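Protein chains: 8
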Amino acid sequence: MSKFRLDEVDHQILDMLIDNTRIPFTDIAKKLLISAGTVHVRVKKMEDAGIIMGSSLVLDYDKLGYSFIAYVGVFLNNTSQTKFVLQRINEIPFVTVASVTTGKFNIFCKIRAKDTKHAKDVIFMIDDIEGVYRTETMISLEESINDKKRLMHTIFKDI
Amino acid sequence: MSKFRLDEVDHQILDMLIDNTRIPFTDIAKKLLISAGTVHVRVKKMEDAGIIMGSSLVLDYDKLGYSFIAYVGVFLNNTSQTKFVLQRINEIPFVTVASVTTGKFNIFCKIRAKDTKHAKDVIFMIDDIEGVYRTETMISLEESINDKKRLMHTIFKDI
Amino acid sequence: MSKFRLDEVDHQILDMLIDNTRIPFTDIAKKLLISAGTVHVRVKKMEDAGIIMGSSLVLDYDKLGYSFIAYVGVFLNNTSQTKFVLQRINEIPFVTVASVTTGKFNIFCKIRAKDTKHAKDVIFMIDDIEGVYRTETMISLEESINDKKRLMHTIFKDI
Amino acid sequence: MSKFRLDEVDHQILDMLIDNTRIPFTDIAKKLLISAGTVHVRVKKMEDAGIIMGSSLVLDYDKLGYSFIAYVGVFLNNTSQTKFVLQRINEIPFVTVASVTTGKFNIFCKIRAKDTKHAKDVIFMIDDIEGVYRTETMISLEESINDKKRLMHTIFKDI
Amino acid sequence: MSKFRLDEVDHQILDMLIDNTRIPFTDIAKKLLISAGTVHVRVKKMEDAGIIMGSSLVLDYDKLGYSFIAYVGVFLNNTSQTKFVLQRINEIPFVTVASVTTGKFNIFCKIRAKDTKHAKDVIFMIDDIEGVYRTETMISLEESINDKKRLMHTIFKDI
Amino acid sequence: MSKFRLDEVDHQILDMLIDNTRIPFTDIAKKLLISAGTVHVRVKKMEDAGIIMGSSLVLDYDKLGYSFIAYVGVFLNNTSQTKFVLQRINEIPFVTVASVTTGKFNIFCKIRAKDTKHAKDVIFMIDDIEGVYRTETMISLEESINDKKRLMHTIFKDI
Amino acid sequence: MSKFRLDEVDHQILDMLIDNTRIPFTDIAKKLLISAGTVHVRVKKMEDAGIIMGSSLVLDYDKLGYSFIAYVGVFLNNTSQTKFVLQRINEIPFVTVASVTTGKFNIFCKIRAKDTKHAKDVIFMIDDIEGVYRTETMISLEESINDKKRLMHTIFKDI
Amino acid sequence: MSKFRLDEVDHQILDMLIDNTRIPFTDIAKKLLISAGTVHVRVKKMEDAGIIMGSSLVLDYDKLGYSFIAYVGVFLNNTSQTKFVLQRINEIPFVTVASVTTGKFNIFCKIRAKDTKHAKDVIFMIDDIEGVYRTETMISLEESINDKKRLMHTIFKDI
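Sequence order for the protein chains is S, D, X, Y, V, C, F and L.
Numbering-wise (the numbering used here), the first sequence opens with residue 1 and increments by one.
Numbering-wise (the numbering used here), the second sequence opens with residue 1 and increments by one.
Numbering-wise (the numbering used here), the third sequence opens with residue 1 and increments by one.
Numbering-wise (the numbering used here), the fourth sequence opens with residue 1 and increments by one.
Numbering-wise (the numbering used here), the fifth sequence opens with residue 1 and increments by one.
Numbering-wise (the numbering used here), the sixth sequence opens with residue 1 and increments by one.
Numbering-wise (the numbering used here), the seventh sequence opens with residue 1 and increments by one.
Numbering-wise (the numbering used here), the eighth sequence opens with residue 1 and increments by one.
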């Protein structure tokens with residue numbers, strides 16, 4: 001992180017963007033008593049440095065009919081297939097997260113599906129990838145926390 | 001979902017917002033050959049219906065010094081404590097996701113930390129919550145996929 | 001079984017009742033070339049001997065909105081509580097089967113629920129019974145076979 | 001369920017059939033102060049809608065010499081074989097229930113056998129199906145609850 | 001057991017033989033106030049019926065340098081190989097017990113070896129049998145009970 | 001073992017006793033071309049040294065109605081209770097072997113019972129001992145090898 | 001590591017010390033064509049920086065009668081006791097390594113003991129520490145690699 | 001150990017070398033009131049007997065950038081490959097310990113790496129060895145004890 005010396009102003013800009021990515025730069029400028037141009041330059045700088053990678057819409061998946069969340073642990077026949085299997089998993093849009101993990105699984109995925117039947121189909125898609133030896137599924141009965149904002153604020157308070 | 005009849009125009013607006021939440025409504029309007037006011041009304045309607053819940057900044061946690069990701073399975077002494085324990089977990093900003101799950105764990109969390117030492121501290125914070133009986137941790141060696149955009153586009157193609 | 005000497009006629013009566021419990025005794029009589037009174041006597045005898053315990057309606061639970069099936073393994077604090085816990089489990093109508101088992105679980109249940117949320121409520125009801133230490137749940141993605149008729153026919157061919 | 005609008009009368013008919021599938025329609029009619037013809041029409045309608053799928057005889061398997069109950073978890077070499085393996089399992093009459101499951105097993109079965117030796121034979125039949133990789137068995141020491149009537153009554157009270 | 005009607009005299013003879021298989025028949029006769037010929041006839045009858053299968057020497061394996069006891073769970077590639085693998089296991093004299101089991105293992109063995117190194121050799125012999133997929137070993141730190149006499153006395157008190 | 005210098009004659013005597021503990025010493029003497037007195041002295045010496053601890057009757061438990069074999073793994077609340085729990089286990093005659101083990105269990109037992117129901121009673125007796133936290137049972141579907149004679153012969157060939 | 005700029009000479013000195021900690025500084029000096037004083041200064045500097053923490057004797061534990069190696073996984077009642085339990089484990093000299101770990105165990109130890117009986121005593125010492133809930137032991141049948149020299153050489157080639 | 005009769009003087013020499021392998025023999029001689037030549041002879045004798053196998057440098061791996069410790073359990077396709085796989089593991093310098101083990105793993109390794117990413121590379125190296133079927137990793141969050149000196153002193157007090 002040494003190269004990206006974020007100063008107090010950067011932190012305050014980030015703090016505001018975390019709460020609302022669509023906030024106009026003029027609003028940020030007004031609150032921080034700086035010019036909108038400065039806000040623009042600062043944000044641009046953080047984007048160029050790769051710290052801000054973009055923004056993502058937060059939708060209510062329950063209302064969209066995608067209320068089924070499951071975690072799927074994937075065992076591979078051989079870890080040399082990890083990269084290839086991840087590419088194939090990446091083609092399944094219902095997999096929202098996939099990590100290479102330690103412990104019993106080689107790859108660990110989070111999936112979102114419409115219901116039990118759809119979840120079965122998604123799990124079978126993963127199972128059918130060449131190199132996948134077996135999967136184990138754990139179902140989320142209720143997602144209680146899904147919030148990176150607390151983490152983001154903590155990071156910028158911390159630095 | 002029956003109440004929120006999203007039409008083709010809504011889908012196209014969502015499709016553009018998914019790719020860039022900061023896109024000006026005038027740009028959306030131009031591309032869809034509708035007025036910016038219409039875009040505004042439509043987005044407002046989807047926000048009021050609770051479909052669009054907000055937007056979230058995508059940061060590069062590695063560059064911010066938070067490159068350590070782990071999944072922590074939590075065993076409770078008794079499931080009647082679930083709600084209370086979740087409230088306490090919610091006070092730990094390094095926990096970004098927490099689900100009530102089936103299978104061996106009662107609660108399953110995703111955490112982000114700076115390094116091994118910090119991860120230990122976060123895990124111990126969870127372990128120290130009253131009602132938590134034991135935890136088991138699985139470490140992510142590499143997060144290869146973390147992308148809801150593919151899912152979002154699929155949902156709107158699907159509807 | 002030595003006392004209940006079922007003869008060939010009993011087997012044929014059972015074979016017909018297995019396929020349709022509501023078949024009129026006169027139909028059975030006609031097919032077996034015996035009197036309806038004999039059918040009545042034979043069925044009565046098998047009921048008195050406790051071989052026929054009754055009949056049960058086969059409903060389509062999916063159509064009734066109860067499409068969620070799960071298996072719940074129950075760990076007790078102490079097996080001396082088995083009987084008491086089973087009585088309490090018996091008060092939860094969504095538990096359709098419960099066995100005392102060997103292996104890792106003390107009691108193993110099958111539950112039917114409306115959806116994920118309802119399943120969570122049922123599992124929590126079990127978890128909250130005094131003496132229950134922990135539960136583990138395995139979700140049925142699709143029940144492909146649920147049919148005792150094949151077994152019944154085999155038993156009567158076998159005897 | 002929207003299409004099958006069951007009214008109060010349907011519920012009361014079902015309630016009586018649940019307790020005794022062989023109850024004459026005239027008895028039901030008398031109790032509900034409606035005509036036997038109406039009962040007939042209502043039951044027919046529920047059968048046509050697929051809600052009532054049939055009825056099944058309840059036998060005392062212990063008295064018939066089939067007192068051994070076990071749960072068998074099946075691991076497949078590959079989930080693409082699920083359908084084929086289920087067809088082969090379906091040919092074994094001693095398997096009374098089989099589900100596609102999440103968690104460690106691909107398929108989960110309930111079997112009834114005469115004794116330990118017979119159970120071994122049944123388990124070996126499953127093990128010998130092409131595509132079955134391994135099985136794990138959990139034995140029921142005592143089946144304490146096997147009763148869908150409580151569930152059925154609850155469903156109709158609930159609707 | 002119906003054919004082998006053991007009477008009180010048989011039980012008393014067995015009770016004495018259980019404690020000391022080398023006890024002279026004349027001693028048994030004296031204690032039971034019957035003739036030695038009767039003892040001989042009774043024992044012969046129980047041997048012919050297959051109830052008494054022989055006798056076995058009880059040695060102190062620790063003093064003989066075989067103090068290492070382990071339990072080895074065997075996973076097979078396929079249960080159709082069970083019989084063949086058991087024949088091969090039977091050629092390893094250090095395996096004193098082997099059972100076909102339910103649960104996670106296909107075959108479960110008890111072995112006696114001289115020390116850790118020798119145990120490794122015996123486990124590797126089992127591992128090297130064709131059809132054996134994997135083994136898991138649990139080591140006995142101290143064998144506290146190895147005594148069938150209590151069971152035998154209980155059986156004959158019981159009958 | 002250094003003190004118990006068994007010579008070739010001792011080994012040959014043991015070899016014969018292993019096959020038949022009731023063989024008369026005169027028969028052993030004849031075969032080895034030594035006097036019966038020598039046989040007696042040698043056996044006495046091995047008994048005094050504690051090498052020969054006695055003999056045990058081999059019964060056919062199946063014919064005696066005790067055909068159910070299970071392995072029971074015992075978890076203790078605390079290993080300081082090991083000795084006490086073993087004393088209590090020792091009072092249950094249906095436990096024929098009990099070892100203090102490494103791995104997941106604290107104590108590992110072998111039990112013999114009449115049938116599934118009786119096995120449940122025996123397992124519950126163990127579960128009810130103070131200090132026992134939980135048990136896990138693995139059922140033997142068929143005991144294929146139970147034979148120490150091969151080991152004994154190997155030991156004496158080996159020395 | 002930025003402060004401890006080790007140069008090529010430091011690496012060469014370390015390389016020689018890794019192979020033989022008792023090598024005289026004059027020998028090192030001769031080989032590197034520098035003065036013994038320089039060697040002394042460099043080593044002193046690396047000791048002061050805390051890079052070299054000391055040296056340790058490599059003994060043949062088998063020859064010393066300590067040939068039994070086991071890994072002991074420790075479950076705590078509560079992770080808040082970790083520090084206290086580690087202090088108590090530190091008082092047991094037969095524990096040579098202890099780590100706080102992720103996964104199923106809270107603490108993971110390596111022990112060396114004389115034999116099975118001694119190992120049992122050591123494991124019981126750990127089990128008896130207040131706060132220790134349970135332990136699981138895995139026994140090393142043969143330690144094939146125990147060598148940090150390859151790592152050390154790699155580190156200094158690497159830097 | 002019978003051949004290597006270590007006397008009190010040997011023990012005292014070892015005790016001093018354990019604390020500091022680089023202590024000059026003249027210092028040892030002075031403290032024990034014996035000649036340096038005697039120290040030299042004794043040490044030489046213990047080296048020839050193979051009791052002292054050498055000495056090893058104790059470095060601060062954290063300061064050298066190798067702060068990541070993990071335990072890797074290795075499952076083999078077949079134990080006959082154990083020797084071959086160990087040779088290949090031996091070529092990976094980041095594996096500092098490897099044991100053939102009982103329990104679920106065939107081989108159990110300790111690795112040291114720079115960070116999570118490097119650990120992944122090392123684990124993949126092990127996974128890619130021919131004959132390795134799967135690995136499971138447990139990460140050390142903090143190594144609290146790594147000290148054989150306590151054991152060494154105990155051994156020499158003990159003898």
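Quick reminder that beta carbons are idealized off the backbone N, C-alpha and C, glycines included.
Quick caveat, the model's predicted, so the values are computed rather than measured.
Quick one, are the C-beta atoms of residue 86 of chain S and residue 145 of chain D less than 8 Å apart? Result yes, Cβ atoms of residue 86 of chain S and residue 145 of chain D sit closer than 8 Å.
By the criterion of Cβ-Cβ separation under 8 Å, what are the contact partners of residue 139 of chain Y in chain V? Contact note: residue 139 of chain Y reaches chain V through 102, using a C-beta cutoff of 8 Å and chain order.
Closer than 8 Å, Cβ to Cβ, to anything on chain F: give me those residues from the segment 78-97 of chain V, in chain order. Against chain F - using a Cβ distance shorter than 8 Å - the segment 78-97 of chain V contributes no residues.
Any C-beta of chain F sitting closer than 8 Å to the C-beta of residue 74 of chain D? Not closer than 8 Å to any Cβ of chain F, the Cβ of residue 74 of chain D fails to qualify, so no.
From the DSSP output, read off the bridge partner residues of residue 52 of chain C. For residue 52 of chain C, the pairing in a beta bridge is given by DSSP as V:59.
Determine the chain Y residues that contact residue 49 of chain C at a beta-carbon separation under 7 Å, and present them in chain order. Within 7 Å Cβ-Cβ: nothing; residue 49 of chain C doesn't reach chain Y, min ~42 Å.
Does DSSP classify residue 1 of chain V as helix, strand or coil? In this predicted model, residue 1 of chain V has a pLDDT of only 40, less than 50, meaning its place in the structure is not dependable enough to derive any value.
How about residue 135 of chain S and residue 50 of chain S: do their beta carbons lie closer than 8 Å? Taking 8 Å as the Cβ cut-off, residue 135 of chain S and residue 50 of chain S do not qualify as a contacting pair.
Neighbour flag for residue 152 of chain X against chain D, beta carbons, 8 Å: No, residue 152 of chain X does not count as interfacial toward chain D.
Counting contacts by CB-CB distance shorter than 8 Å, is residue 2 of chain X in contact with chain S? Annotation note: pLDDT 45 at residue 2 of chain X (below 50); position unreliable, coordinate value reported separately. No, its Cβ sits nowhere closer than 8 Å to a Cβ of chain S.
Measuring alpha carbon to alpha carbon, tell me which residue in D:46, D:53, D:56, D:108 is nearest residue 76 of chain D. Nearest Cα to residue 76 of chain D within the set D:46, D:53, D:56, D:108: D:108.
Report all residues from its chain with a CB closer than 6 Å to the CB of residue 46 of chain S; omit the five preceding and five following residues, and keep chain order. Hits under 6 Å: 52.
Residue 198 of chain V to residue 89 of chain V span [Cα, whole Å]: The structure shown does not extend to residue 198 of chain V, since chain V spans only 1 to 159, so no value can be given for it.
Considering just the uninterrupted stretch of the beta strand (DSSP E) at residue 143 of chain D, what are its terminal residues? Residues 132-146.
In chain order, what residues of the same chain lie with their CB nearer than 8 Å to the CB of residue 82 of chain C, ignoring the 5 residues before and after it? Within the same chain, residue 82 of chain C has close Cβ partners 76, 100, 106, 107.
Could you tell me the distance, in whole angstroms, from the CA atom of residue 2 of chain Y to the CA atom of residue 156 of chain Y? For residue 2 of chain Y, the predicted structure reports a pLDDT of 45, less than 50, and the residue's modelled location is therefore unreliable. A value from the coordinates is still provided. Per the coordinates, the alpha-carbon of residue 2 of chain Y lies some 15 Å from the alpha-carbon of residue 156 of chain Y.
Going by the beta-carbon positions, is the gap between residue 93 of chain F and residue 150 of chain L smaller than 8 Å? Yes; because the gap between Cβ atoms is below 8 Å, this pair is in contact.
To the nearest angstrom, how far is the alpha carbon of residue 43 of chain D from that of residue 132 of chain X? Cα to Cα, the separation comes out at about 49 Å.
Reducing DSSP to helix, strand and coil, say where residue 123 of chain Y ends up. DSSP places residue 123 of chain Y in helix when its eight states are reduced to three.
Within-8 Å CB hit, residue 8 of chain S to chain D: False, the Cβ-Cβ gap to chain D never drops below 8 Å.
How big is the Cα-Cα spacing for residue 71 of chain D and residue 32 of chain L? In this structure, the alpha-carbon of residue 71 of chain D lies about 57 Å from that of residue 32 of chain L.
Note down, in chain order, all residues in the segment 101-129 of chain S with a beta-carbon under 7 Å from any beta-carbon belonging to chain Y. Listed by position along the chain: 120, 124, 127, 128.
Rounded to whole angstroms, what is the Cα-Cα separation between residue 15 of chain S and residue 103 of chain L? C-alpha separation (whole angstroms): 51 Å.
What residues are listed by DSSP as bridge partners for residue 33 of chain X? According to DSSP, which records beta bridges pairwise, residue 33 of chain X is partnered with nothing at all.
Tell me the DSSP bridge mates of residue 76 of chain X? Its beta-bridge partners are X:132.
Out of D:12, D:112, D:126, point me to the one whose CA is closest to residue 59 of chain D's CA. Per the Cα distances, D:112.
Is it true that the CB of residue 56 of chain L sits closer than 8 Å to the CB of residue 56 of chain F? Contact flag set, yes.
At least one CB of chain V closer than 8 Å to the CB of residue 142 of chain Y: is that the case? No, its Cβ sits nowhere closer than 8 Å to a Cβ of chain V.
For residue 118 of chain L versus residue 84 of chain L, is the C-beta spacing smaller than 8 Å? No Cβ-Cβ contact shorter than 8 Å links residue 118 of chain L with residue 84 of chain L.
Using the beta-carbon of each residue, which ones in chain C are nearer than 8 Å to residue 68 of chain Y? What residue 68 of chain Y touches in chain C: 116.
So residue 111 of chain S is in the beta strand (DSSP E); what residue range does that whole segment cover? In the DSSP annotation of this structure, the continuous segment of the beta strand (DSSP E) that includes residue 111 of chain S starts and ends at 107-113.
Is the beta carbon of residue 18 of chain V closer than 8 Å to that of residue 153 of chain V? In this structure, residue 18 of chain V lies closer than 8 Å to residue 153 of chain V by Cβ.
Limits of the beta strand (DSSP E) - the one that residue 82 of chain Y falls within: It is not in any beta strand (DSSP E) - residue 82 of chain Y instead sits in the alpha helix (DSSP H) that spans 82-89.
How far does the alpha helix (DSSP H) with residue 17 of chain C in it reach, from first residue to last? Going by DSSP, residue 17 of chain C is part of the alpha helix (DSSP H) stretching over 8-19.
Which residues bound the beta strand (DSSP E) around residue 67 of chain Y? From DSSP, residue 67 of chain Y is part of no beta strand (DSSP E); its letter is neither H nor E.
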